[in-house]
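So the structure is just underneath, and the comments pick up after that.
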Amino acid sequence: MKNLDLQSQIQLLKKEKNALILAHNYQIGPLQDIADYVGDSLGLAYEAQKSDADVIAFCGVHFMAETAKIVNPDKIVVLPDLDAGCSLESSCPAPELQKFIDDNPQKNYFVVAYINCSAAVKAIADVICTSGNAVKIVNQVPKDRNILFVPDANLGAWVIEQTGRPMDLWQGSCYVHMEYTADSIQSIKDKHPSALLVAHPECPTAVRMLADEVCSTEKMISYCKNSESSTFIIATENGMLHRLEKECPDKVFIPAPTHNCACSECKFMKLNTLEKLRDCLVNLSPQVAITPELCNQAEASLLKMLEQSK
Ligand code: 13P
Ligand code: SF4
1 MKNLDLQSQI
11 QLLKKEKNAL
21 ILAHNYQIGP
31 LQDIADYVGD
41 SLGLAYEAQK
51 SDADVIAFCG
61 VHFMAETAKI
71 VNPDKIVVLP
81 DLDAGCSLES
91 SCPAPELQKF
101 IDDNPQKNYF
111 VVAYINCSAA
121 VKAIADVICT
131 SGNAVKIVNQ
141 VPKDRNILFV
151 PDANLGAWVI
161 EQTGRPMDLW
171 QGSCYVHMEY
181 TADSIQSIKD
191 KHPSALLVAH
201 PECPTAVRML
211 ADEVCSTEKM
221 ISYCKNSESS
231 TFIIATENGM
241 LHRLEKECPD
251 KVFIPAPTHN
261 CACSECKFMK
271 LNTLEKLRDC
281 LVNLSPQVAI
291 TPELCNQAEA
301 SLLKMLEQSK
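Structure (structure tokens):
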């Protein structure tokens, strides 16, 4: 096997271990190209749920692999690099969330948690959402309940605008999308006046206001495919351009600059490499581990989302 290139080694290991390779849209191109499925958090959760593989190799960040484990407690779920965290996840530790809920009993909160959070937060939440279904999920919350939306304040603010539903917002954010500013976006718009601006809802409100479309990473693909426009400025993590260019070869995609860089990159997403994917398939390690008790507690809010999102 040592004589084979990395891609061939991974293909062989995939068969040998009966493994499914899932990759998020922000992964490096070679990982996207070797995956069985590439998509956003919602698509990846559905793919994990319906899989009959013995092993799921998750090329993404920890909360995504953890989600795959929650819906497949008996399967082995490996992540090429266990340090692939997420600033949104770490902005909302479960004990702090529990304390906030306990300190505000008069609110009788209905907790909607963005999927970018730990299993322990999912266990506290009443329902989970992703950027792809947040509006749909919030619209289904009983009208007589106060909503606490965690952990992304920017996504929450966008959902309030879309649904007209008031919500209390946890003040978490994605460090990648927070690097965009109205000035950095306006400067690239001025250079390409006919380009459409597509932004992720994790962007700050001032950036979102400049966008022609605000949507999840998966919806960016269909929006750009179906649009009559030929040029797009993309305000989200740089890995997105690989998939857009592959699926829309006749269109031009310009990465939106941040206040200090020509494009944005998530240091957590970029920890995964082909070598680490090969190694985690060889060793079936590092694995995502959750106690059966926590798995059960976190499953309810996640399954509710998958059901309400259909
Ligand atoms: P999507 O579900 O839109 O792919 O978003 C995931 C994410 O982490 C964005 O930063
Ligand atoms: Fe988390 Fe932001 Fe990275 Fe997405 S881009 S994984 S929200 S830090």
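Numbering (my numbering), first residue to last: 1 to 310. Virtual Cβ for every residue (Gly too), placed ideally from N, Cα, C.
Endpoints, alpha helix (DSSP H) assigned at residue i
i: residue 130; result: Residue 130 -> no alpha helix (DSSP H), and no H or E assigned at all.
i: residue 280; result: 274-283
i: residue 65; result: 62-71
i: residue 43; result: 41-50
i: residue 34; result: 29-34
i: residue 241; result: 240-247
Cutoff 7 Å; reference residue i; Cβ partners in own chain excluding five residues on either side
i: residue 26; result: 237, 239, 240, 266, 269
i: residue 286; result: 78, 79, 82, 280
i: residue 203; result: 154, 177, 180, 235
i: residue 158; result: 201, 208, 214
i: residue 221; result: 243, 244, 247
Contact set for residue i: own chain, Cβ-Cβ below 8 Å, skip 5 residues either direction
i: residue 262; result: 255
Residue from the options with nearest C-alpha to residue i
i: residue 109; options: 94, 62, 141, 74; result: 141
i: residue 212; options: 233, 38, 218; result: 233
i: residue 217; options: 40, 16, 18; result: 40
i: residue 210; options: 298, 183, 222; result: 183
i: residue 35; options: 290, 298, 272; result: 272
Terminal residues of the beta strand (DSSP E) in which residue i lies
i: residue 24; result: 19-24
i: residue 298; result: Note, residue 298: premise wrong, no beta strand (DSSP E); alpha helix (DSSP H) at 292-308.
i: residue 313; result: Outside the shown range of the chain, which is 1 to 310, sits residue 313, and nothing can be said about it.
i: residue 235; result: 231-235
i: residue 59; result: 55-59
i: residue 77; result: 76-78
Cut-off 6 Å between Cβ atoms - residues of its own chain near residue i, not counting five sequence neighbours on either side
i: residue 45; result: 67
i: residue 20; result: 36, 51, 53, 56
i: residue 13; result: 281
Could you give the uninterrupted runs of the alpha helix (DSSP H) lying entirely in the region 169-219, keeping only those of 4 residues or more? 182-191, 205-208
Scan the region 88-169 and note each continuous beta strand (DSSP E) run of 3 residues or more that stays entirely inside, going in chain order. Correct list: 110-114, 127-129, 147-150.
Decide yes or no for the touch test of the region 40-58 against the region 85-92: beta carbon pairs closer than 8 Å, at least 3 of them. no
Decide yes or no for the touch test of the region 158-171 against the region 220-228: beta carbon pairs closer than 8 Å, at least 3 of them. no
For the 8 Å Cβ check, are there 3 or more pairs between the region 128-136 and the region 95-109? no
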